[in-house]
Every structure is written in C-alpha cells, then in structure tokens.
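Take a look at the structure below.
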Amino acid sequence: MALYEHVFLARQDISTQQVEALVEQFKTVLEENGGKVGKIESWGLRTLTYRINKNRKAHYILMNVDAPHAAVAEMERQQGLNEDILRFMTIRVEELDEEQSAMMQKRDRDDRRRGDRNDRGPRPDRGPRPDRRPEAPAAE
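With the UniProt record's numbering, letter number 92 in the sequence shown gets 92, and the count goes up by one each step, no holes.
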C-alpha cells in the first residue's frame, strides 16, 4: 500500500466535536477500503492567508494514511461533496513521520516563549524619564 500525508481544512463555524466526527468519518472510509490511519494531528483553528468561501479561519487536520489509491480517492470524493470541508490536499510520501509535525513543534516553541516572559519578573526601575523637548528660552 502507498503512504500519504493528507491535510484538510474544515469551516470555522463548526465545533471541535464536529471536526472530530469528520475525522472519524474519513478514517472509517479509509478502513472500509483496506487502509489504515496512523497519526492524526489537529492544528487547531488558524487564520487563512486569503478568504475561502467567505471564511477567514479554518480548522486544520493532518492525517498519516497507509492505504491503496482507491481508498484515498474515495475519501477525497466524499470530502469534495462535504460542505464543511473547504480544501484538502494529499501528498504521497516515501515514509510516514511519526514524530510531531513542524506545525506542532512551532506551537510548542511559541508556548515556551510565552511562558518565559512571565517568569522574568517585574521590570527594574529605570529612573526618571528624560525630557525629550529642549527647553524653550525664557522670555525677557
């Protein structure tokens, strides 16, 4: 069987539970057609670069798939018919990466940075602020 990375974008106004239901639906389609789904990552609700069907944000989902082409084609056909799916992309790969994707690593790195800011404590007193305007000459 072939190995694929599949990413799809779901509409912003559906709930997280509905997104999980979509993932299970497409996972079932793949398994019924002889495929397996490895890692599933939810990248969360992210801002789109440009609007798609009047949506400014979308739920991003990554699936690692080990399935025959017919199973992937059927999943893509169903996604094309589903109104909750804005876009999808499937890429055939040589091997599946079971570690965190680059998107999840970036999120972890950003979370660590935010935590560091709060650990620094209060700013030290810098003394009086210098006056930026030169003094006007005294009127005589």
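C-beta: ideal position from N, C-alpha, C; glycine also. Since we're looking at a predicted model, the values are computed, not measured.
Top-ranked residue by Cα proximity to residue i, from the options
i      : options                    : result
Gly80  : Thr16, Gln17, Glu99, Leu22 : Leu22
Ser101 : Val37, Met63, Asn55, Phe8  : Met63
Glu94  : Glu20, Lys27, Asp66        : Asp66
Glu74  : Arg92, Val37, Lys39, Glu32 : Glu32
Asp84  : Met1, Arg11, Pro128        : Arg11
Pro68  : Leu30, Asp131, Arg87       : Leu30
Separation of residue j from residue i, as counted between CA atoms
i     : j      : result
Gly34 : Asp13  : 32 Å
Leu48 : Ser15  : 17 Å
Tyr60 : Gln78  : 17 Å
Gln25 : Asn82  : 11 Å
Lys57 : Arg46  : 5 Å
Asn53 : Arg87  : 10 Å
Gly38 : Arg129 : 59 Å
Spatial neighbours of residue i in its chain, beta-carbon cut-off 8 Å, leaving aside the 5 residues before and after
i      : result
Met104 : Glu41, Trp43
Arg51  : none
Close beta carbons around residue i, own chain, < 7 Å, minus the five adjacent residues each side
i     : result
Thr90 : Tyr4, His6, Val72, Glu76
Glu99 : none
Per DSSP, the bridge partner or partners of residue i
i     : result
Asn55 : Ile52
Glu5  : Asn64, Ile91
Arg46 : Ala58
Uninterrupted alpha helix (DSSP H) stretches inside the stretch 59-92 (no shorter than 4 residues): Entirely contained in the stretch 59-92, the alpha helix (DSSP H) runs reaching 4 residues are, in chain order, 69-81.
Continuous alpha helix (DSSP H) assignments of at least 4 residues falling wholly in the stretch 7-42: Here the runs fully enclosed are 16-32.
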